[in-house]
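Below you'll find the structure, written out as structure tokens, and then a few comments.
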Amino acid sequence: MLAGRDPERAAIAALLDAARAGNGGALVVRGVAGVGKSTLLDDALATARDLRVLRTSGVESESPLAFAALQRLLWPLRTQIDALPAPQAVALRAAMGEAEGEGDRFMAFLGTLNLLADAAEGAPLLVVVDDAHWLDEASAAALLFAARRLQAERVALLFAARDGDARRFDAGDLPTIVLGGVTGADADAMLSARAGTDIDPAVCDQLVAGTGGNPLALVELAGVLTADQLAGRAPLPTPLPLTGGVERAFLDRYRRLDEAAQRFLLVAATDDTARLTVIRDAAERLDAADAALDAVERSALLRVDGDAVAFYHPLVRSAVYRAATSAQRRAAHRVLADVLTGDPERRAWHLAAAVDRPDVDVVAALDGVAERAAARGGHEAAAASWARAAELTPGGEARGRRLYLAASSAWLGAHPSRASALAQAAAADVTEPLLRAQLLALQGKIEWNTRSLSDGYDLILQAAEVAADVDAALAAELAMLAASLAAFGARSLSAVEPTALVAKPAPDAPSRVRAAWALLHGFGAVARSDWAAAAESFGSAFILTDADPVDDHVLQPNLGIAAMLIDDDERGLRLHEQQLSAARRVGALNMVAHALTRGVHFQIATGAWSKAAGAAAEALPLTVSTGHPGLTALPTAQLALVAALRGDDAADRHLDRVTEIRDKHPVGITDGLVADLTYWTRGLRAATQPVAALHHLKQIEGPAWRRLAALDLFDAAVRGDHPDLARTWLAELEQFATGTGLPAATAVVEHGRALLVGDGDAETHFQRALAAHANSVRLPNRARTHLAFGEYLRRARRRVDAREHLRTALALFEDLGATPWAERAAQELRACGETARRRDVTTATELTPQERQVAALVRQGLSNRDVAAQLFVSSRTVDFHLRNCYSKLGVSSRAELTALPLDL
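Counting from 2, one number per residue, gives the positions in the sequence shown under the working numbering.
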């Protein structure tokens, strides 16, 4: 029964009411075993009779099976899968084991979201997931992906998860309620209802104190204590019968059964199908027949409803299984494997649990499970299968290969610590050069993404050296990767240079091979600060790939990095847009997040700040979905920077969040970038205090970000009377401008010289800077130069000349949404005797980042379903945001939206 729990019931009622109103959401109910989570879910179901309900639960013994819980949940909706966009339908059917072929896990996740949203069109939908801590990891990832994207869907997702268990359901930032023990009248009501008699208040208080108010423990005690003890007429036993815990009480009931009944219950506890036919067939092989089943049912530890079997409480299963000897457990697994001939996944895992020494047949079965799981996107299950297969493989190359495959799958499943441990174990057995190179490359990737950039660089260098003798193409790829890491600041004690590991390709080699060679040498030049050589090498790579565009997951991102390193903004924008479009087409969530966050650099540089904010806002939930919390630091830092550029106080909130992420999680290769963004943001927030601003700005280390923040540092250094620091940065910029010949770099150099030279030649340098700006797409810097020139002319009492530049600066700042700089320009104009009138800028600044993304894609002619697929949301959410766009922009159709002169 449910007693009390009014606040928790109210929270669930609010969730259901929101779903009825078209505002989807999720809620996690947590608590220790027996605290009443399942009872609370049952109460929710009783109040949701007008909602369609789907249920599933985690099963401990099923946790290695990819998408097992999701398959049970979505089984009633399987006829609707074909209505999904084709890539989602294919991936979801593969995940559910209904189709062969490669399955993209994130496409399956998106298909899950859209399938639930479609199912809610007829009536609001309640999805109930009990024992979420025992969900297989692929199902948990899919359901959490959907839960975090519920917006305009009529879907409520309700999880229940146990605290204090070896496995934990990590729901991240989802709303959560935690159930505690019951007390007072609520405890009395539970005891009275179970005992069928009144409970003495003092006895009730003693029982609550002895159980912590755990409802299951109270109910069990009410069933074993006498009426006199409950009424206070006889003393309570000391210790209470549940001193050993609720599991101990269940074990006592279990041990009172005869041996055949105990064997039957052990088979049921070992089984994960919950089907009576399977359990009975297996139990009969252990001489536990119908009489044993009758005895188990009479004990009330197990309930049978048709062919469905359910335990009185999940703790019964775990208590019975753990109480058995290892030989008894192996026997139970063996008979279940014998009867599950039509279910290769479950059979393989039962076989694996039934042996305790190497077995080639079991290993072959587990290999098959792993391969099928990996093809369906069930990387966690594949990792578990290959790891268990390795345990049953005698030491040597075969064992090492399986551990490497397990590590690769664990990495793809977003479990870096597990992947690292498996890779380390594999290293002891892997000697074959090609596999050794692949293993080192995997270890390097894990290292630079989660811990140390330089240690990851060392491992990639080692991998390239090993590969050089056996696979020239792999060696070239790894050498280029190592050089790219070095360009980002990675350092090694090794004397090996990445450029020395690869021979120059022949003139008739494929263009992508020659482009990789050019990138390799360009990255090497960047590490030496040889900007002329870097620009030449990168230019060669760009020419080669312009003539023969690449769709390569290694080469294409590195082309974008090259563009960033030499400030080639137009190319960088184009490359990242191509990468983003390609990633969206195939639903590659990781690459979508990568393209979005790397493209932000160029959007900030060129003044496309609304696009930058939209890209970072879209990337943030995608990085959450990867399972690497540290990856959320970059888009959060980017949001902070854009807010600071606009003078938005939200910058401080984002900065606090970045600090929290970096304190709690390894950020990996982007940590230096995140730090630079943070320093620049703090410098902007302290702009009215030049010394404080300089304290932050001077700590920026990345050359590309030092160049972007240079005008802020020059401004603060001059106003704060620290010209030497400005001259140091100016010298660095002069070297870059001379080497690359870029107008944008020349403009910043001339701007810096104008501020430092004094009144004599300042005007000449400002004029040169503006001439260079005319050939650059960096609008924010152009606006800053007009402002600085106008300020200089006003101080020189040339107010008429100053007004022209100040007006231009003000207009540009208003277009950018750079409120602090617009106010400064307006103040200067007033000092020149002119009242600055705020322009009516026709923009879409009132749209939220997600509304901007929806509007931009709709204006490309995409349908709602196509937009939803590209943004990893449901069609209903797209429709919701599109209607908001119409309302805010004063249009009523897609055609009118497309015709608006908007910069999205």
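Using N, Cα and C, we set each Cβ at its ideal position, and we do this for glycine too.
- The C-beta of Asp-105 has 16 or more other C-beta atoms within 10 Å across all chains shown, which makes the residue buried.
- Below 8 Å, enough C-beta pairs join the segment 110-126 and the segment 146-153 to call them touching: three or more.
- Taken in chain order, the whole beta strand (DSSP E) runs of length 3 or more contained in the segment 17-56 are 26-32.
- Looking at the backbone, the Cα of Arg-866 and that of Ala-900 are separated by about 21 Å.
- If you draw a 10 Å sphere on the C-beta of Asp-677, you find 16 or more other C-beta atoms in it, and that means buried.
- Distances from the CA of Gly-173 to each of Thr-671, Ala-896, Pro-622, Ser-875 were compared; the closest alpha carbon is that of Pro-622.
- Cβ-Cβ separation between Val-156 and Ala-118: approximately 6 Å, consistent with a contact (criterion under 8 Å).
- In this structure, DSSP gives Ser-58 an extended state, which the three-state scheme calls strand.
- Under the DSSP assignment, Ile-662 falls in the alpha helix (DSSP H) whose first and last residues are 651-665.
- DSSP places Val-156 inside the beta strand (DSSP E), whose first and last residues are 156-163.
- Within a 10 Å sphere around the beta-carbon of Ser-410 sit 16 or more other beta-carbons, which makes this residue buried.
- At a Cβ-Cβ threshold of 8 Å, Gly-540 and Thr-500 do not count as neighbours.
- With contacts defined by Cβ atoms closer than 8 Å, Ala-390 and Asp-368 form a contacting pair.
- Ranked by how close their Cα comes to the Cα of Ser-876, the residues Glu-154, Glu-99, Ala-22, Ala-14 have Glu-154 in first place.
- For Val-209, the uninterrupted alpha helix (DSSP H) run begins and ends at 202-212, by DSSP.
- For the pair of segments examined, the segment 268-278 was found not to touch the segment 247-258: the number of CB pairs separated by less than 8 Å stays below three.
- Between the segment 756-766 and the segment 582-598, the count of Cβ pairs shorter than 8 Å is below three; the stretches do not touch.
- Considered as a whole, the segment 594-648 harbours 610-626, 634-646 as its complete alpha helix (DSSP H) runs of no fewer than 4 residues, in chain order.
- If one requires a minimum length of 4 residues, the alpha helix (DSSP H) runs lying completely within the segment 443-514 are 454-468, 473-488, in chain order.
- For Ile-178, the three-state secondary structure derived from DSSP is strand.
- Looking at the DSSP output, Phe-312 shares a beta bridge with Leu-303.
- Each of Leu-712, Asp-725, Gly-457 was checked against the Cα of Leu-780, and the nearest Cα belongs to Leu-712.
- In the same chain as Leu-136, and ignoring 5 residues on each side of it, the C-beta atoms closer than 6 Å to its own belong to Gly-59, Ala-70, in chain order.
- Gln-736 is not a Cβ neighbour of Trp-449, given a cutoff of 8 Å.
- In the three-state scheme derived from DSSP, where H, G and I count as helix and E and B as strand, Arg-331 is classed as helix.
- By the CB criterion at 8 Å, Ile-670 and Thr-633 fall outside the cutoff.
- DSSP places Asp-105 outside both helix and strand once states are collapsed to three, so it counts as coil.
- Fewer than three Cβ pairs drawn from the segment 348-365 and the segment 35-45 lie within less than 8 Å of each other, which leaves the two stretches out of contact.
- Classified as exposed, Ala-84 has fewer than 16 neighbouring CB atoms from the shown chains inside 10 Å of its CB.
- Under the rule that a run must span 4 or more residues, the alpha helix (DSSP H) segments found entirely inside the segment 843-886 read 850-859, 865-872.
- In the three-state DSSP reduction, Arg-276 falls in the strand class (E or B).
- Inter-segment contact for the segment 636-645 and the segment 598-616 is present: three or more beta-carbon pairs are separated by less than 8 Å.
- The C-beta distance from Ala-223 to Leu-231 rounds to 7 Å, short enough to fall under 8 Å.
- CA-to-CA, the gap between Ile-82 and Phe-68 works out to about 16 Å.
- By the C-beta density criterion, Lys-505 is exposed, having fewer than 16 other C-beta atoms within 10 angstroms.
- Counting only the Cα atoms, Ala-420 lies some 41 Å from Arg-10.
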